[in-house]
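Below is one structure; the comments refer to it alone.
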């Protein structure tokens, strides 16, 4: 597997884990005030990170802090920003940034924030069921909201 393909797998992992963290939450979760930033702000930031990574890959290096939308719109934006980045990586366009820096910077940061969302879900009383992520059906190129169900969920 080459570096470009590995980075695409990291995006698919982000989509799978992030999708799980943002799906099926009560309406009150978006503004839950339990540990600093509200989940809606974190979710918006994750999309900002994906947009920034894409801009760097294109050689533009452009950061924009978007104003958070409502939860459903931000959830759609999360997947849309991943799809745009993945589509670029799947193309033959040259990547204008070091792939290792894209992974260690915006992609790893986004994964950290997905962990924050998962923790906030538990704190807000709406935890997502744990699973064996090694067995998860993560597929390169599948970065939309159409994520498969867990293959090996942990017992409740």
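Residue numbers (our numbering): 828 to 983. Each residue gets a CB set at the ideal place from its N, CA and C atoms; glycine is no exception. Note that the coordinates shown come from a computational prediction; the quantities given were computed from them, not determined experimentally.
Listed as beta-bridge partners of residue 958 by DSSP are 980. In this structure, DSSP gives residue 896 a state outside helix and strand, which the three-state scheme calls coil.
Between the alpha carbons of residue 895 and residue 937 lies a gap of roughly 16 Å.
Note on residue 950: under 16 other CB atoms within 10 angstroms of its CB, so exposed under the neighbour-count rule.
Counting only unbroken stretches of 4 or more residues, the alpha helix (DSSP H) elements lying wholly within the stretch 842-901 are 866-884, in sequence order. Excluding sequence positions up to five before and after residue 892, its CB lies within less than 7 Å of the CB of 875, all in the same chain and listed in chain order.
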